[in-house]
Amino acid sequence: MDVKQRIAEANRQAASCITENDPYWVDIRPAGECVEGLEDHMILHSGPPIDYEDMVMLHKRGMVSAMLFEGWAKDEKEAVEIIRSGEIKIDSALNHNTVGAGTGIITKSVAMNVIEDRRNHTTAATFPAEGPVFQGGFCGWGLYNEGIAENLRYMREVLFPPMREMLAKNGGIAIKPILAEGMQMGDENHTRQTAADLLFDKQVLPQLFELDLPKEQIMRTVRYIVETPRFFHCYGQGASRAAAIAADGIEYSTMVTAMAGNGVEFGIKIAALPGQWFTAPAPMMKGRYTSTKFTEKDQLPWIGDSCVVECAGMGGIAAAASPIVCNLRGMSLQESIAQSREMENICITRNPNYVIPNLDFDCLPAGVDIRLVLKTGICPAVHGGMFNYEGGLIGAGMARVPMGCFEKAMKAFAAKYR
Amino acid sequence: MQESRKNEAGIYQEKPAVANLGIMLFYQALVDQKCKCTQINWVPEYEQSEEMEALLDEFL
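As given, the protein sequences belong to chains A and B, one line each in that order. Per my numbering, the very first residue in the first sequence carries number 1041; after that it's consecutive. Per my numbering, the very first residue in the second sequence carries number 208; after that it's consecutive.
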């Protein structure tokens, strides 16, 4: 086989990790027990690796918040001193089997959803939704106060035990059927999970009510599930991450396995070079703000790992499935369809699980190939939330992954396989 | 000459049928004006740098 044949075969194998995956939500455990390589006194963050001094304010605040949450520092001043001393290890969440939504701050004690991919034999951990909007925001949005910290502890100690008992009893909740059916009901599974949330509730709530636990205890967990917007988002991310991990390390594969930003740089990883990041300046998003008082000057360049779902052929790749999301940016139905059709030009395969009515029942494309991006000049479209410089979510929209990431990846690939 | 002018006038008397190449905004504007229009998704061929072109020749 020549090198081009090897790449084609490797990409078929890598893309099958996405299209043939079989993810289940199986447990909720402390990050220290389910995130591989997460050590004591270590903090993970979203996006490609970055030094503390170069971080945007949201990440810096996240670092301090993590120090306080874990009890590694008594106040902010001491937390910053300890971080600057180098005693704390800092790493990208996507260098581990997890994903950092928003700021993506993860330390050993936070509770994480555990996603087991039974086809790929991989496990990923994802940060659970932090509940209904309260007290002005969430840890994942780059905010922190004692109320937010208390909520994280409350989730871990009060809300999650019934879920764990349910999962132990039923053996896990299959994620793929929810993603697939939700996709036919108007979700693209990045910005919108309206259908997936309902499908999830339909499965989970009866099982929670069957537990031999006090009604009030069950109801606290039920209210958390049904009152949290986009509750299912973290499960789609976990399923996507478990598939990407399976593809990481496949020699000769030019498939993208990670796309993420840290507010300064945006980075990608590819299957054949799993230890390397290829970065360019983080892009701004175009979309709709939650208030007319916000403009682009309030917006932080891309931060967060949530476009793991685009790596698995959802979100911006799946725009045709969710014209309602695209319409938030003023796009028509035809433009939503055109966005997915455009993505077909840069993807390795089609996902037979995601059959989309708006595509006349064609399957969505899946598996971005860096060579096709460079050949066509079409950069992957990624959906997501807009973050404010000061913290907090201020809108939703879309960006394009910078071409510079793909050029650097191609050069590194050539250096390895030439 | 007279025949040609007559044909030109005919263009304006008949409803146009348009095939729009590329930019979706034009397609949508015509559809909004009840004009029959077919969208053809097209963009100019992307020109890579010489270095990238050489790498793609080798690996794609």
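C-beta atoms are modelled at their ideal positions from N, C-alpha and C, and glycine is treated no differently.
N- and C-terminal bounds of the beta strand (DSSP E) containing residue i
i	result
residue 1318 of chain A	1313 to 1321
residue 242 of chain B	That residue, residue 242 of chain B, is in no beta strand (DSSP E); it is neither H nor E in DSSP.
residue 1209 of chain A	Taken as a continuous stretch (DSSP letters only), residue 1209 of chain A belongs to no beta strand (DSSP E), being part of the alpha helix (DSSP H) at 1200 to 1210.
residue 1416 of chain A	No beta strand (DSSP E) holds residue 1416 of chain A; the alpha helix (DSSP H) holding it covers 1410 to 1416.
residue 225 of chain B	224 to 228
residue 1448 of chain A	No beta strand (DSSP E) holds residue 1448 of chain A; the alpha helix (DSSP H) holding it covers 1443 to 1457.
residue 1333 of chain A	Neither: residue 1333 of chain A is in no beta strand (DSSP E) and is coded neither H nor E.
First through last residue of the alpha helix (DSSP H) which encompasses residue i
i	result
residue 1264 of chain A	1255 to 1267
residue 1367 of chain A	1363 to 1367
residue 1273 of chain A	1273 to 1287
residue 1062 of chain A	Per DSSP, residue 1062 of chain A belongs to no alpha helix (DSSP H) and is neither H nor E.
residue 1380 of chain A	1373 to 1384
residue 1191 of chain A	1186 to 1194
residue 1242 of chain A	1234 to 1249
residue 1168 of chain A	That residue, residue 1168 of chain A, is in no alpha helix (DSSP H); it is neither H nor E in DSSP.
residue 181 of chain B	This structure cannot settle anything about residue 181 of chain B, because the visible part of chain B is limited to 208 through 267.
residue 1222 of chain A	1216 to 1223
Opposing strand residues paired with residue i [DSSP bridges]
i	result
residue 1339 of chain A	A:1428
residue 1433 of chain A	A:1427
residue 1305 of chain A	A:1321
residue 1345 of chain A	Bridge partners of residue 1345 of chain A: none, in fact.
residue 1403 of chain A	A:1395
residue 1157 of chain A	A:1063 and A:1162
residue 1387 of chain A	A:1408
residue 1132 of chain A	A:1085
residue 1070 of chain A	A:1151
residue 1213 of chain A	A:1065
residue 1440 of chain A	A:1421
residue 1326 of chain A	A:1438
residue 1299 of chain A	A:1308
residue 1146 of chain A	A:1084
residue 247 of chain B	B:228
residue 1043 of chain A	Per DSSP, none; premise fails for residue 1043 of chain A.
Rounded straight-line distance, which links the Cα of residue j to that of residue i
i	j	result
residue 1353 of chain A	residue 1426 of chain A	21 Å
residue 1155 of chain A	residue 1421 of chain A	26 Å
residue 1269 of chain A	residue 1051 of chain A	36 Å
residue 1235 of chain A	residue 1217 of chain A	12 Å
residue 1310 of chain A	residue 1242 of chain A	37 Å
residue 1097 of chain A	residue 1179 of chain A	13 Å
residue 1205 of chain A	residue 1251 of chain A	8 Å
residue 1336 of chain A	residue 1300 of chain A	20 Å
residue 1209 of chain A	residue 1066 of chain A	10 Å
residue 1132 of chain A	residue 1277 of chain A	16 Å
residue 245 of chain B	residue 267 of chain B	33 Å
residue 1262 of chain A	residue 1203 of chain A	10 Å
residue 1100 of chain A	residue 1092 of chain A	7 Å
residue 1378 of chain A	residue 248 of chain B	7 Å
residue 235 of chain B	residue 227 of chain B	10 Å
residue 1355 of chain A	residue 1327 of chain A	14 Å
residue 1304 of chain A	residue 1258 of chain A	42 Å
residue 1064 of chain A	residue 1121 of chain A	41 Å
residue 1433 of chain A	residue 261 of chain B	43 Å
residue 1169 of chain A	residue 1346 of chain A	13 Å
residue 1443 of chain A	residue 1414 of chain A	8 Å
residue 1182 of chain A	residue 1188 of chain A	11 Å
residue 1403 of chain A	residue 1081 of chain A	45 Å
residue 1329 of chain A	residue 1085 of chain A	25 Å
residue 1144 of chain A	residue 1285 of chain A	18 Å
residue 1141 of chain A	residue 1102 of chain A	12 Å
Members of the segment 230 to 250 of chain B near chain A, C-beta cut-off 8 Å: 231, 234, 235, 246, 248 and 250
Proximal residues, the segment 1368 to 1382 of chain A versus chain B, C-beta separation under 8 Å: 1372, 1374, 1375, 1378, 1381 and 1382
Which runs of the alpha helix (DSSP H) at least 4 residues long sit entirely within the segment 1072 to 1121 of chain A? Give them in chain order. 1097 to 1110
If the cut-off is 7 Å on Cβ atoms, which residues from the segment 1326 to 1357 of chain A count as contacting chain B, listed in chain order? none
Can you list, in chain order, the residues of the segment 1401 to 1435 of chain A whose Cβ is nearer than 9 Å to any Cβ on chain B? 1409, 1411, 1412, 1414, 1415, 1416, 1417 and 1418
Short of 7 Å Cβ to Cβ, which residues in the segment 1047 to 1073 of chain A face chain B? 1047
Just by C-beta distance, which residues in the segment 1244 to 1264 of chain A are closer than 9 Å to chain B? none
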